[in-house]
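Beneath this line is the structure, given in C-alpha cells, with notes to follow.
Residue numbers (this note's numbering): 1 to 336.
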C-alpha cells in the first residue's frame, strides 16, 4: 500500500515547525531509522564504548591509587591527579576511543542522510530496508567524512591563529593592558567559533544533497544562513538540550558506577568490575551517539527550509509542472 502523505522536505518552515516536523518524521519512521542506526553504526559505537570503558578503568585506578599524606596540600593532590589524567591523552585507549567515536558520529550522520534520500525517492517509505540504506551509505560515507575533516581543519586553523596571538601577548609580559587583551582575544575566539560553527553545520547537507565541492560548501552555507543565523542557532540549542536529557537516561548507570568506584567501593572480583564499567560506557555511548541523530535530522530540515526560503526550488518545480501539464499541443500534435 502506498503512503498517502509523505513529509515534504523542500518547504520553508519557521522555528516551531522545524521542531514539530523533526519529531513527526522520527515518529513515522522510528523503527526503520533506529534499526539502520543500530545495525550499521552499532559496531563503531561498540568499539568506542569499549575503549572509553578501558580508559575510565585506568582513570579510576589512578584516583583510587592516589593516597594523599597529611603533608600534602589540596593543591598538590589535585596537581598529581591532573598530571596523571592528562597523560591519558597520549594513551592508546584515549586515541582509539576518540577515533571510533568520531567515525561513529560520521556514520550516524551518513545514515540519516541516506535514509532521507531513500525516503524522498521511495514510493512506500515503510518498505525502506537496511540493505537500501547500506548501499546509500557506501556512496556517501567518504564525502561526509571529508566534509567533517574539512570543517575540523578550518577550525584548527582559526584556533591556531588565536592561540598564536595569545602566546605572543603572554610573551610580551604581564600587565593590565596585556591581561585585558588576552581576555578580549579569548572572548573573540569563543564568539568566532560559535558563529562559524552554526554556519558550518550546513556544510555536510550541502555537500550531500547538492553535490557541491567540499570547500565550495563554506561559501554556500554562508549564503544560505544570511538573516537566519539565530533561527539555526535556536534549533541547534533546543535539540542539544533534548539530546542531553535523553542521553542522560543511558548515561545514568555509568554515572552511578563511576561515583561508586571513585570513593573506593569496589566489587570483590576485578573482572566483574571491568565488565560492568565497559558495559555502562557502551550503553552511554550508544545512547549519546544514536540520540544525536535527532539533531542532524533537525539541521537537515533547517537546511531545506533555508534553501526554499532563498531560492524557492520546490515552488518553481510545482509551477513548472503545472505549466507542462496545461501547455497547449504543438502543431505536430494538432496535425494528428
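All C-beta atoms, glycine included, are put in the ideal place defined by N, C-alpha and C. As the structure is a prediction and not an experimental result, all values here were calculated from the model.
Within 10 angstroms of the beta-carbon of residue 284 lie 16 or more other beta-carbons, which makes it buried. Bounds of the alpha helix (DSSP H) holding residue 134 are 130 to 171. Assigned with DSSP and collapsed to three states, residue 103 falls in helix. With the rule of 3 Cβ pairs closer than 8 angstroms, the region 276 to 283 counts as touching the region 41 to 50. When the beta-carbon positions are compared, residue 100 and residue 33 stay at least 7 angstroms from each other. Sixteen is the threshold: since fewer than 16 other Cβ atoms of the shown chains lie within 10 Å of the Cβ of residue 211, the residue is exposed. Rounded to whole angstroms, the gap between the alpha carbons of residue 98 and residue 218 is 26 angstroms. For residue 96 and residue 53, the gap between their C-alpha atoms comes out near 11 angstroms. Taking 7 angstroms as the cut-off, the Cβ atoms of residue 198 and residue 232 count as close. Counted as a single uninterrupted DSSP element, the alpha helix (DSSP H) harbouring residue 303 occupies residues 293 to 311. Spanning the alpha carbons of residue 155 and residue 187 requires a straight line of approximately 16 angstroms. Here DSSP, grouped into helix, strand and coil, assigns residue 211 to coil. Under the three-state reduction of DSSP output, residue 220 falls in the helix class. DSSP places residue 18 inside the alpha helix (DSSP H), whose first and last residues are 15 to 36.
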